Amino acid sequence: MMDSITNFLSHFFVTGDPMIYGADASIALVSVAVLAVLTYFKKWKWLWNEWLTTVDHKKIGIMYIIAALLMFFRGGVDALMMRTQLAMPGLSFLNAEHYNQVFTTHGTIMIIFAAMPFIFGLMNIAVPLQIGARDVAFPFLNAVSFWLFFAGAMLFNLSFVIGGSPDAGWSSYAPFAGIELNPGVGQNYYVLAVQISGIGSLATGINFLVTILKMRAPGMKLFKMPMFSWSILITSVIIIFAFPAFTVALALMTIDRLFGAHFFTIAAGGSPMLWANLFWFWGHPEVYIVLLPVFGIFSDVIATFAHKTLFGYAVMVWSMIAISFLSFITWLHHFFTMGNTAPVNAFFSISTMLIAIPTGVKIFNWLFTLNKGRIEFTTPMLWALAFIPNFTIGGVTGVMLAMAPADYQYHNSYFLVAHFHSTLIAGTVFGIFCGLHYWWPKMFGYLLDEKKGKWAFWVFMISFNICFMPMYFLGLMGMTRRMYTYPAGLGWGPINFIMTIGAFGMGIGFAIMAYNIVWSAIHGKKDTTGDPWDGRTLEWSIASPAPEYNFAHIPTVSTRDAFETMKEEKRAGRAKPPAPFKPIHMPNNSGIPVIMSAFMFVAGFGFVFWWFWMAIPGVIGVIACLIARSFVYDDFHHIPVDEIERTERAAGRLS
Amino acid sequence: MIKTFKMKMAVALLPLLALLTGCSDNIAVLNPQGPVAREQYHLIVWSLIMMSLVLAIVLIIFIYVLVRFGRRKSKGFDPNDTGNRKLEIIWLIVPVLICILLAVPTVKTLYALNQPPKATAAAPAALNGSKTLTIDVTSVQWKWLFRYPDQKIETVNYVVIPAGIPVQFRLHAYDAMNAFWVPELGGQQYTMTDMPMKLWLQADKPGNYDGRSSNYSGRGFAQMTFTVMARSANDFDNWISSVKNNQPALTHAKYMQLLEPNTVKPQEFSSYPAIVAKDFNKAQMDAVMNGESPEKDSMPGMDMGNGGKGGQK
């Protein structure tokens, strides 16, 4: 009896590595500390009422960003562990199994649990404000999306200490990721955690598509929207078309692993290559799901700090639409080397190259927005400016990779790894840091410190180049991704060592930014005007932080840079006197999303361990929550006029 | 501001300089040792030239606008400069032209790589009159098996080929997918369980070339390397007869041992049992070991290509 319990526990908890025990201890300590602080300061009720049950898009956005920053930290630690192991030939800081888990979680976490939620956070905060709306179209669904993502992220991270992490790479290619070659629970964590958060992502796509199409302020035609809102509209469409493919692929792999089906196995007519197709049919558009929104951020930020309207607005929109279309017909370039015939590879080579055309057009439009501008080098602007040359390097190497016969030499080498980090870091990461600094005052009512922000920028950006420029050469020297070690004598050592220095430099840059966040929370400059950057779009027309109802009056829009026009009219003395306030219709908070996601977590955890006694009640709980929700009829309230007046007066908006 | 950008440019140009000053001996892909790699090398260099041009243009405009309009008192501020049809058409057409200039050689090379390279040496006697050599490659967690179907010998983790003769590698996977890559001789192809793939390679001159798996397949993946030894016709013939005369035969039991997931030392065998030539994957082999037909549990019509034996022609 005792033996079987010990045996179970030693498989249940990951054992045998001091780093894991360290993680166990720190997770336990942090959890206890959080619980203690909440209890001591009697903050449970506050936490429940203000955050856990909120349906306010701004608070949901902030929760997305906090979670994403934590995940970014976790993914970054994974990266530093890998870089430490590879710093010199033949090191044994990590063994093969551990390294394989670390690169798998690094990739999955960075894409699915850091980059995407960060972008979802920024769009939650900015899009309704930019289009002059009081919330998203489906505030309840928005909360469901967030909590599903959170449940998925927690489930995925739990694998680190309970049961063991997945180790088949973030792309989890069959047949290696199948139950036969990859027994154990690690890969179950991958399919279930990613699936749970994926449902949330799909719902977010639907939510923002409807929000942007239906809830724009009067007068805001589609072609008068701010560029960030445009990018989110297009991204939402991509999400809606791409995610179902992944949902299906994950479901099939779950059935394979849990119930012994043969969709992707070697035996019984399964097709391992089908996984590659389904995965990348989602995976390539996914790249644009995390890239187009930052194109939008950069467009708004560059226009703001060049103090000009965006150059070639219509072309910018059409090039994003072109990219979104092309993103669905290029997936096969991820496996040019899987034996496609020449005509097939030729088609996907050319379709991939075509993406360079609209992207190049956008680069030139950004450059010409700067041209004849009055450029102001704020922290968000520095991130946006650094994006242009650094992302171009990622872009041109992307074109090189698109040439199939040349790709036979780049595929899976560090050349490829360098390319996608050039695009994902110089694009997505620079973009989310840019957006974070840009919209921070709108979220919290004070600014992040400029000096520390610039330090973080320079350290991070230079280190990024030290880390990833040499990587291209390492790839051409024949080093492939996912090798946990390499022998001396191949000449790879010095380059790897330089890269490791760069990686730690990026870590320092991130730490400076984290310090800046803490420092500014105490000493940050208050944003009393609501318009700290001399902004051009509607989010800057309201107080910082934005009041619960966003707009006391829904603005009427007549031009592209709506707020810029309002300011000009005000200067010219043509501003209309404000109308009297009316009560504002707002959605009620709800505890159902967080409870439902908790059930989802329980169900997911049960399925991971084939514990159906736990999974089935979890699923029933989810269904019960859905039913409970459908009987909630009274799901809104009105904010009375005197409360609006009080809030506006407190923000100095009533004279 | 200007100073830091100059510094940045210098940092960006350093690796390029290193490349141009000829440290490319270390860089396998830029040091092609056979016609296939050379063809890919030419394509890479051509794309590198075009892309450097693009990057240079972007950087020049970028630095210009920052220097010109980045100062507090810079003149020429024009908030009404919101578009220019002519310019926008130019930067639409130029990328289209560049794409065409890259796409044409890409497609040409794609088709060319389906053909065997031209032989540059006389065929060794061991090829029995054939002008090319065929080798069946099987990836097993975490080793490479090489079978010479015409010479009837088998090697593990190294392969000997005649220099100057086109070699067709037929690639199979026993369990996980891997990719067969010899950067100095040419680009890679995957090994898969249900679809044999073909890869032509040829070495210009005798020498040893490092090969490795480039697609992750588990614990021993980093050690999944092999050596391609190109030898003169004479040496190749000698090697074949030496293996045939001096090495042990691959027994069925030994073969089953090789199929276990582990790493092994390079080895060679003078012959192999008939089951080896069937290129069974793990599922089929398990079925055979259980006394079932290997085709039993594969559903006809579900496989890619013609009954799972199709693939690249």
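Chains X and S, in that order, give the protein sequences.
Just so we're aligned, residue 1 is where the first sequence starts under my numbering, counting upward by one.
Just so we're aligned, residue 1001 is where the second sequence starts under my numbering, counting upward by one.
The beta carbon of each residue, even a glycine, is placed where N, CA and C say it ideally should be.
This structure is a prediction, so every number in the text was calculated from the model and none was measured.
What residue does the beta strand (DSSP E) around S:W1144 start on, and which one ends it? In the DSSP annotation of this structure, the continuous segment of the beta strand (DSSP E) that includes S:W1144 starts and ends at K1143 to Y1148.
Beta-bridge partners of S:G1186, as assigned by DSSP: Under DSSP, the beta-bridge partners assigned to S:G1186 are S:V1182.
From X:N124, X:A276 and X:I321, pick the residue whose C-alpha is nearest to that of X:L292; which is it? Considering only alpha carbons, the answer is X:I321.
Count the other CB atoms, across all protein chains shown, that sit within 10 Å of the CB of S:T1021; report buried if there are 16 or more and exposed otherwise. Note on S:T1021: pLDDT 47, under 50, position unreliable in the model; the coordinate value appears next. Classification for S:T1021: exposed.
Among S:A1103, S:Y1148 and S:A1126, nearest to S:S1271 - alpha-carbon criterion: S:S1271 has its Cα closest to that of S:Y1148, out of S:A1103, S:Y1148 and S:A1126.
For the region 1064-1079 of chain S, list every residue whose C-beta sits within 9 Å of some C-beta in chain X, in sequence order. Cβ contacts with chain X come from Y1064, V1065, L1066, R1068, F1069, G1070, R1071, R1072, S1074, G1076, F1077, D1078 and P1079.
Please report how far the alpha carbon of X:E50 lies from the alpha carbon of X:T559, in whole angstroms. X:E50 and X:T559: Cα-Cα distance of roughly 36 Å.
Does any CB atom of chain S fall closer than 8 Å to the CB of X:S597? Judged by the 8 Å Cβ criterion, X:S597 is not in contact with chain S.
At which residues does the beta strand (DSSP E) containing S:K1198 begin and terminate? Run containing S:K1198: M1197 to L1201, per the beta strand (DSSP E) assignment.
Is any beta-carbon of chain S found at less than 8 Å from that of X:Y190? With 8 Å as the cut-off, X:Y190 does not count as an interface residue toward chain S.
Which residues DSSP lists as bridging S:E1154, in chain order: S:E1154 pairs with S:R1147 and S:F1269.
Residues of the region 509-520 of chain X whose Cβ lies closer than 8 Å to any Cβ of chain S, in chain order: Listed by position along the chain: nothing, the set is empty.
Sorted by chain position, which residues of the same chain lie with C-beta nearer than 6 Å to X:P380's C-beta, five sequence neighbours on each side aside? The residues V301, C434, H437 and Y438, in chain order, have a CB closer than 6 Å to that of X:P380 in the same chain once the five nearest residues on each side in sequence are set aside.
Identify the continuous alpha helix (DSSP H) that holds X:P702 and give its terminal residues. Since the first residue shown for chain X is 1 and the last is 655, residue 702 of chain X is missing from the structure and cannot be characterised.
S:S1217 versus chain X: which residues are under 7 Å apart at the beta carbon? Within chain X, the residues near S:S1217 are F176.
When you compare each of X:I495, X:P183, X:S31 and X:L9 to X:T254 by their alpha carbons, which one comes out closest? Measuring from the Cα of X:T254, the nearest candidate turns out to be X:P183.
With 7 Å as the C-beta to C-beta threshold (strictly closer), list the residues of the region 137-159 of chain X near chain S in chain order. From the region 137-159 of chain X, no residue has a Cβ closer than 7 Å to chain S.
Between which two residues does the beta strand (DSSP E) containing S:T1134 stretch? Counting along the chain, S:T1134 sits inside the beta strand (DSSP E) bounded by residues L1133 to V1140.
Less than 8 Å between the CB atoms is what I'm expecting for S:N1157 and S:F1226, so what's the real figure, rounded? Taking a contact as a CB-CB distance under 8 Å, the pair S:N1157 and S:F1226 counts as one, their CB atoms being some 5 Å apart.
Start-to-end residues for the alpha helix (DSSP H) that takes in S:V1036: P1035 to F1069 is the span of the alpha helix (DSSP H), which, as asked, contains S:V1036.
Helix, strand or coil: how does DSSP classify X:G107 here? Helix at X:G107.
When the cut-off is 8 Å and only beta carbons count, does S:G1291 lie next to chain X? With 8 Å as the cut-off, S:G1291 does not count as an interface residue toward chain X.
Would you mind telling me which residues of chain S sit closer than 8 Å to X:M400, beta carbon to beta carbon, in chain order? Under the 8 Å cutoff, chain S gives I1044, S1047, L1048 and M1051.
Pick out the complete beta strand (DSSP E) segments inside the region 307-334 of chain X, 3 residues or longer, and give them in chain order. The qualifying runs do not exist here; there are none.
Which chain S residues sit within Cβ distance under 9 Å of X:V632? By Cβ distance, chain S contributes nothing, its closest Cβ being about 47 Å from X:V632, past 9 Å.
Can you pull the chain S neighbours of X:E97, defined as C-beta to C-beta under 8 Å? Against chain S, the beta carbon of X:E97 has neighbours under 8 Å at R1219, listed in chain order.
Check for me: the beta strand (DSSP E) holding S:V1228 runs from which residue to which? Where S:V1228 is concerned, the enclosing beta strand (DSSP E) stretches over T1225 to R1231.
Over the uninterrupted beta strand (DSSP E) stretch that includes S:R1212, give me the two end residues. Unbroken beta strand (DSSP E) run through S:R1212: G1207 to S1213.
If we ignore side chains and look at the alpha-carbon of each, how far apart do X:I266 and S:M1195 end up? Take the alpha-carbon of X:I266 and the one of S:M1195: they are about 11 Å apart.
Length-filtered (4 minimum) alpha helix (DSSP H) runs lying within the region 336-403 of chain X: The qualifying runs are 342-370 and 379-402.
Have a look at the DSSP bridge pairing and note the partners of S:V1159. Bridge partners of S:V1159 according to DSSP: S:V1228.
What are the complete alpha helix (DSSP H) segments, minimum 4 residues, inside the region 223-266 of chain X? For the region 223-266 of chain X, whole alpha helix (DSSP H) runs of length 4 or above, ordered along the chain, are 227-259.
Examine the Cβ distances between the region 227-240 of chain X and the region 567-584 of chain X and report whether three or more of them are shorter than 8 Å. No, because fewer than three Cβ pairs between the region 227-240 of chain X and the region 567-584 of chain X fall closer than 8 Å, the two stretches do not touch.
Please state if the CB of X:A143 and the CB of X:S590 are separated by a distance shorter than 8 Å. Contact: yes.
Chain X beta carbons: is any one of them nearer than 8 Å to that of S:V1107? By this cut-off, S:V1107 is an interface position.
Can you have a look at X:N345 and say buried or exposed, based on whether 16 or more other CB atoms are within 10 angstroms of its CB? The residue in question, X:N345, is buried, as its Cβ has 16 or more Cβ neighbours within 10 Å.
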